[in-house]
Amino acid sequence: MKLCALLLLMLLAFASCDDTEQAVVPPAREPGRADVGHYCGMNLVDHPGPKAQIFLTSRTEPLWFTQVRDAVVFTRLPEEPRDIKAIWVNDMGRTDNWETPQPGAWIEARSAWYVIGSDSRGGMGAAETVPFGTLAAAQAFAGPHGGTVVRLAEIPDDYVLGEMSSGRDPVSDQQHLHAMPENGS
24 MKLCALLLLM LLAFASCDDT EQAVVPPARE PGRADVGHYC GMNLVDHPGP KAQIFLTSRT
84 EPLWFTQVRD AVVFTRLPEE PRDIKAIWVN DMGRTDNWET PQPGAWIEAR SAWYVIGSDS
144 RGGMGAAETV PFGTLAAAQA FAGPHGGTVV RLAEIPDDYV LGEMSSGRDP VSDQQHLHAM
204 PENGS
């Protein structure tokens, strides 16, 4: 009986080691000249606005995104890998430069607040999901720039998967459509 209990304890110890290894969140990295956007293949440092990086358990290097919106798209597309270890986004409340966010201004995406539907455009020219580390910073940004403050899980699919190239904002479009009479007159 004692041998069974000892074996069970050993198995639990090994299992907890594996869980600990899986739970380690890689630290955010700073983009370099060689880092390119996952979808656009363009150099990250040549594009203004907040950036994102996604770490997968199946890769040692992060996937880079020229816009935070693109990283949100990655998490929503069914054909993309699901082994996400960490998602880092620029905390625009900790940087004073939209063009080139300051080094170290990163926040884990799931704990950030986002302004969607603002007048701000990301690195690829589409409406951006602008991340902030605090609700107060997000609200302060939304005041002069417009938009709605949400959490990552609350970002509507149509906002990130909608007509990105047109520059249209599906959030505003939806609000406008709700105001129109149903018969179109």
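Mapped onto this note's numbering, the consecutive letters of the sequence shown carry residue numbers 24 to 208. Glycine included, C-beta positions come from ideal geometry on N, C-alpha and C. All figures in this text were calculated on a predicted structure; none of them were measured in a lab.
Expressed to the nearest angstrom, what Euclidean distance is found between the alpha-carbon atoms of W121 and F97? Distance from the CA of W121 to the CA of F97, rounded to the nearest whole angstrom, comes to 23 Å.
Report, in whole angstroms, the separation of the C-beta atoms of H61 and L79, which I expect to be a contact under 8 Å. Actually they are not in contact, since the Cβ atoms of H61 and L79 sit about 11 Å apart, beyond 8 Å.
DSSP beta-bridge partners for Q76? Among the bridge pairs identified by DSSP, Q76 is matched with W87, W111.
Can you tell me whether DSSP reads L30 as helix, strand or coil? A caution first: L30 carries a pLDDT of 41, below 50, which makes its placement in the model unreliable, though a value can still be read off. In the structure shown, L30 sits in a helix (DSSP, three-state: H, G or I).
Quick check: the Cα distance between R174 and R56, rounded to an integer number of angstroms? R174 and R56: Cα-Cα distance of roughly 31 Å.
Please list the terminal residues of the continuous alpha helix (DSSP H) segment that includes A183. It is worth fixing the name first, because residue 183 is Val in this sequence and not Ala. That run of the alpha helix (DSSP H) goes 180 to 184.
Looking at the structure shown, is R52 part of a helix, part of a strand, or coil, going by DSSP? Of the three classes helix, strand and coil, the one that applies to R52 here is coil, per DSSP.
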